[in-house]
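The block underneath contains the structure these notes are about, expressed in structure tokens.
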Amino acid sequence: MSNSPSPTIQGRMLCASVLSYSVPNNVTINPPNSNIPLTKPYYSGAGYIGIPAMIASNAHDTHAACTVGVTQDGIVIAFRGTVYTSITDWTNDLLVEPVAVPNIPGEIHDGFNKALVAIYPVLLPWLRKVIAANPGLKLYITGHSKGAAMAPIAAYYLYNNGIKASGLYLYAPPLPGNSTFASAYNNLFPNTFLYENYLDIVPLLPPSPETAGGLDYYFLGNGSTEAKIAAALITWFGLEYDYSPIGTANNTFFILPPVGGKYSIVPLTNSVYIQQLNSIGMNILAGNIKLIAAAHNSRCGGGYMGALGGGIC
Numbered sequence: 059m060s061n062s063p064s065p066t067i068q069g070r071m072l073c074a075s076v077l078s079y080s081v082p083n084n085v086t087i088n089p090p091n092s093n094i095p096l097t098k099p100y101y102s103g104a105g106y107i108g109i110p111a112m113i114a115s116n117a118h119d120t121h122a123a124c125t126v127g128v129t130q131d132g133i134v135i136a137f138r139g140t141v142y143t144s145i146t147d148w149t150n151d152l153l154v155e156p157v158a159v160p161n162i163p164g165e166i167h168d169g170f171n172k173a174l175v176a177i178y179p180v181l182l183p184w185l186r187k188v189i190a191a192n193p194g195l196k197l198y199i200t201g202h203s204k205g206a207a208m209a210p211i212a213a214y215y216l217y218n219n220g221i222k223a224s225g226l227y228l229y230a231p232p233l234p235g236n237s238t239f240a241s242a243y244n245n246l247f248p249n250t251f252l253y254e255n256y257l258d259i260v261p262l263l264p265p266s267p268e269t270a271g272g273l274d275y276y277f278l279g280n281g282s283t284e285a286k287i288a289a290a291l292i293t294w295f296g297l298e299y300d301y302s303p304i305g306t307a308n309n310t311f312f313i314l315p316p317v318g319g320k321y322s323i324v325p326l327t328n329s330v331y332i333q334q335l336n337s338i339g340m341n342i343l344a345g346n347i348k349l350i351a352a353a354h355n356s357r358c359g360g361g362y363m364g365a366l367g368g369g370i371c
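So, in structure tokens, the structure goes:
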């Protein structure tokens, strides 16, 4: 394993996202502290200067965490994704009905918003201290999985408090809100870069109307009663809640499966999106659930780190 920073900013932000999973679960960290395990190779891969602070909430209905630190790129907030062993985390992810929030256009995912609200009263004053101690540094926000959905919501909260992020790097991001939110967000934060891996279903959830239509094709084609019921529910969900991905074709990227151990990254065009839907649909029907789950891995050995890590593993 390397002890050097990843050679690219997208690799360094991914490392910061992965390191945020080292924030302990089932604890509340307030005030912030810097006792985070310096997990290799992600701490060095992120290019940290010093040790990032941890912030976490162990509310009875919400687990959420982030790190705040200074790297060679600037000040970085990294939101922790879903902790797979936490029932509370999974329950929070399933609070999918979008809600309206003051001063944020459209509607956003209730569970992701609750997760942010649980730590924001600690995050905001701490971030202001870090900014005051490091004048002139750019602010970046990053995260993987649930953390990648919390990040754009946090960017809007911070903007409403007078702090604008210079850029966001999101890995396997679920959809954070409806089409009105996505449109307003894209106008305000054009420097948002999103990465999706082959067979990773998480960036398609909650399903948009377009994703619902694509997955319906495969569930209906299966012919079973259960599949048809699933298709009907997915269609209803997509139309009812109008979830929409953020980002544009210019800043959303897709990681192709490796060929000879080498990964390729291409723009997520509509044709690539359709191919992804086709591949996921066929693998679901074939029962390849473990393969789909493995595609979400952000650590060494997974597609995200293999494509973006720059050899740190």
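With the numbering used here, the residue at position 173 of the sequence shown is 231, and numbering never jumps. We put the beta carbon where it would ideally sit given N, CA and C, even for glycine.
Item to complete: Using the DSSP secondary-structure output, state which residues sit across from Leu197 in a beta bridge.
Response: Residue pairing from DSSP places Leu197 in a beta bridge opposite Ile133.
Worksheet item: How about Thr125 and Ser78: do their beta carbons lie closer than 8 Å?
Response: It is a contact, given that the beta carbons lie within the stated cut-off.
Item to complete: Please classify Glu155: is it buried, with 16 or more other beta-carbons within 10 angstroms of its beta-carbon, or exposed?
Response: Burial is judged here by how many other beta carbons sit within 10 angstroms of a residue's own beta carbon; Glu155 has fewer than 16 and is exposed.
Worksheet item: Taking DSSP as the reference, what is the three-state secondary structure of Thr250?
Response: Strand at Thr250.
Worksheet entry | Among Phe312, Ser224, Leu185 and Leu228, nearest to Gly205 - alpha-carbon criterion | The residue with the shortest Cα to Cα distance from Gly205 is Leu228.
Worksheet item: Which residues in the same chain have their Cβ closer than 7 Å to the Cβ of Val159, if we skip the five residues on either side of it in sequence?
Response: Only Ile166 and Asn171 meet the Cβ criterion.
Discussion item. If I measure Cβ to Cβ from Leu262 and keep anything under 6 Å in the same chain, skipping five residues before and after, which residues do I get?
Written reply: If we look at Leu262 and ignore the five residues flanking it on each side, its Cβ neighbours are Thr269.
Practice prompt. Tell me, please, which residues DSSP counts as bridged to Ser266.
Written response: Within the DSSP secondary-structure output, Ser266 pairs in no beta bridge.
Practice prompt. Using the Cα positions of Pro315 and Pro179, report the straight-line distance between them to the nearest angstrom.
Written response: Between Pro315 and Pro179, the C-alpha separation is close to 41 Å.
Item to complete: Using the Cα positions of Gly364 and Ile133, report the straight-line distance between them to the nearest angstrom.
Response: Looking at the two C-alpha atoms, the distance is approximately 25 Å.
Worksheet item: If you drop the 5 nearest sequence neighbours on each side, which residues of the same chain put their C-beta closer than 7 Å to that of Asn219?
Response: Taken in chain order, the residues that qualify are Leu182.
Discussion item. Rounded to the nearest angstrom, what separates Thr306 and Lys187 at their Cα positions?
Written reply: Going by the C-alpha atoms only, they are around 33 Å apart.
Practice prompt. Please state whether DSSP places Tyr321 in a helix, a strand or coil.
Written response: If DSSP states are grouped into helix, strand and coil, Tyr321 belongs with coil.
Item to complete: Express the C-alpha separation of Arg70 and Ser373 in angstroms, rounding to a whole number.
Response: This structure gives no information on residue 373, because the portion of the chain shown stretches from 59 to 371.
Item to complete: May I ask you to report which of helix, strand or coil DSSP gives Cys375?
Response: Absent from the model: residue 375. The displayed extent of the chain is 59 to 371, so no value can be given.
Practice prompt. Please look up how many angstroms separate the CB atoms of Ile221 and Leu197, rounded, as I've assumed it's under 8 Å.
Written response: Under the criterion of beta carbons closer than 8 Å, Ile221 and Leu197 qualify as touching, at roughly 7 Å.
Discussion item. With H, G and I counted as helix, E and B as strand and the rest as coil, what does DSSP make of Met363?
Written reply: Residue state, collapsed to three classes: helix.
Fill in: C-alpha gap between Ser75 and Ile87, whole angstroms
One C-alpha to the other measures close to 18 Å.
Worksheet item: Do you know how far the Cα of Gly368 is from the Cα of Thr66?
Response: Whole-angstrom Cα-Cα distance: 7 Å.
Fill in: With 16 other Cβ atoms within 10 Å as the buried cut-off, status of Asp258
Answer is buried; the Cβ neighbour count reaches 16.
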